[in-house]
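Each residue of the sequence shown is one higher than the one before, starting from 376 at the first, in my numbering.
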Amino acid sequence: MSAAAAFHAGEQAMQARAGVQAQMAQIGPRVLRDHMPEQHRAFFGLLPFVVVGSMDAQGQPWAGVLAGAPGFMSSPDPTHLHVRARPLPNDPLVATLHDGAPLGLLGIQPHTRRRNRMNGTARLEDGGFVVEVGQSFGNCPKYIQAREPVWMPQAPAGQLAYEGPVLDEASRQLVRAADTFYIATAHPEAASGGEARHGVDVSHRGGAPGFVKLEGDVLTVPDFMGNHFFNTLGNIAVHPAAGLLFMDFERGDLLYLAVQARVLWDGAELASFDGALRLLRMRVTHVRRVQGTLPLRWGVAERSPHLDGLGAWPRTAAGQ
């Protein structure tokens with residue numbers, strides 16, 4: 376894979392701004408594959424859940440989740456992943472999953488801090504769907520809070536608790552307390568089924584509880600040192616819509632947010648958060664909160680050691 380095929384213009388622009396474009400032009404073609412290595416194929420089969428990024432007919436990315444007993448995902452060959460699960464009630468995937476749908480998948484095992492990502496296109500089949508791989512790559516363990524998920528086959532179906540254009544108070548409490556969320560982004564040409572680099576992506580964000588600053592319906596999140604791929608921020612550079620997923624690990628609630636996002640590279644607010652290289656500012660445009668829908672139960676969280684020495688937002692009446 377060439378450097379041009381590995382990263383699209385938005386990703387390259389972000390790499391250039393960070394001063395790593397020449398470096399990533401060498402690394403990208405080696406680590407961004409058009410197939411899954413054997414280790415990744417086996418890894419997906421171990422998981423009781425997978426985070427899925429998708430895009431609706433209006434071009435809005437959404438982050439959702441599928442769950443099942445380990446083994447509900449399997450890979451018959453390096454270019455395909457079978458997912459034998461149906462979307463949870465009220466998950467955006469109910470509307471966005473169809474033949475030819477561009478998807479981003481994040482396989483993450485929080486208690487071991489392993490994670491792998493891939494994107495591709497879906498083909499529906501009985502009981503689930505198959506993803507044909509576009510790009511596949513691994514991720515480092517940074518900023519993942521170690522908590523073990525266990526699939527609960529008898530978990531009750533979730534109920535839609537709130538939907539609207541702004542956050543309700545229960546949603547605000549979940550955002551303020553979060554140490555983890557997931558973010559889906561997309562290239563504007565993702566739905567056209569073209570180049571693999573022009574796909575949907577979904578990624579993990581982690582920090583100490585309170586690392587998501589909330590002011591009204593605007594979220595501000597520090598962006599720490601990462602792999603320099605800039606998949607998320609590169610997509611935002613060319614298509615500022617994004618989808619967020621917050622999980623309530625105690626009650627199984629899920630909070631889905633549609634946002635408009637932008638990247639802040641400098642300023643006093645950035646300087647006030649130790650360890651942040653950039654800020655991601657996101658304005659909420661739609662909220663969906665579902666109670667008790669995630670059929671997983673979680674162990675006690677162990678803080679990521681990579682968070683040591685990083686800052687925290689001041690707690691103000693307006694923000695926290």
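From the three backbone atoms N, C-alpha and C, an ideal C-beta is built for every residue, glycine too. Here the structure is a predicted model, which means the values were calculated and not measured.
- Judged by DSSP in its simplified three-state form, P445 adopts coil rather than helix or strand.
- The beta-bridge partner set that DSSP reports for D576 consists of T560.
- Apart from sequence neighbours up to five positions away, the residues of its chain that approach P584 with a beta-carbon distance below 6 Å are A552 and D554, ordered along the chain.
- Take R658, set aside five residues on each side of it, and the residues of its chain with a beta-carbon closer than 7 Å to its own are D592, V593, V634 and Q635, in chain order.
- In the three-state reduction of the DSSP assignment, I519 falls in the coil class, being assigned neither a helical nor a strand state.
- Note that the segment 635-645 does not touch the segment 431-444; fewer than 3 beta-carbon pairs, one per stretch, sit closer than 8 Å.
- By the Cβ neighbour-count rule, G568 is exposed, with fewer than 16 other Cβ atoms within 10 Å of its own.
- Restricting attention to V675, L669 and V575, the CA atom closest to the CA of W526 is found in L669.
- With respect to the C-alpha of G601, the residue from R461, E523 and V395 having the closest C-alpha is V395.
- In the structure shown, the three-state DSSP call for L407 is coil.
- The C-beta separation of V506 from V458 comes to about 7 Å, placing the pair in contact by the 8 Å criterion.
- A distance of 8 Å or more separates the beta carbons of A470 and A559.
- If you ignore the 5 residues before and after Q520, its C-beta comes within less than 8 Å of the C-beta of P485, D554, T555, G581, A676, E677, R678 and S679, all in its own chain and listed in chain order.
- Excluding the 5 residues flanking it on each side, R547 has same chain C-beta neighbours closer than 8 Å at L589, in chain order.
- Of the residues F624, R656 and F447, the one whose Cα lies closest to the Cα of A612 is R656.
- In the DSSP assignment, the residues bridged to Q510 are N494.
- Spanning the alpha carbons of E644 and G650 requires a straight line of approximately 12 Å.
- Taking the Cα of A530 as reference, the smallest distance to any Cα among G627, F504, D409 and Q510 is reached at G627.
- Residue pairing by DSSP places V634 opposite A617 and V659 in a beta bridge.
- When the beta-carbon positions are compared, Q534 and G667 come within less than 8 Å of each other.
- In terms of Cα proximity to P524, the closest of D474, H455 and A442 is A442.
- Restricting attention to L499, D501, R498 and V508, the CA atom closest to the CA of R492 is found in V508.
- Within the model, the alpha-carbon separation for L499 versus L456 is close to 12 Å.
- Judged by DSSP secondary structure, V550 falls within the alpha helix (DSSP H) whose first and last residues are E544 to A552.
- In the structure shown, Q529 adopts coil according to DSSP, grouped into three states.
- About 23 Å separates the beta carbons of L632 and L652, which is beyond the 8 Å limit, so they are not a contact pair.
- Counting of Cβ neighbours within 10 angstroms places H473 among the exposed residues, the total staying below 16.
- Counting only the Cα atoms, E413 lies some 42 Å from A545.
- In this structure, Y557 keeps its C-beta atom at 8 Å or more from the C-beta atom of V662.
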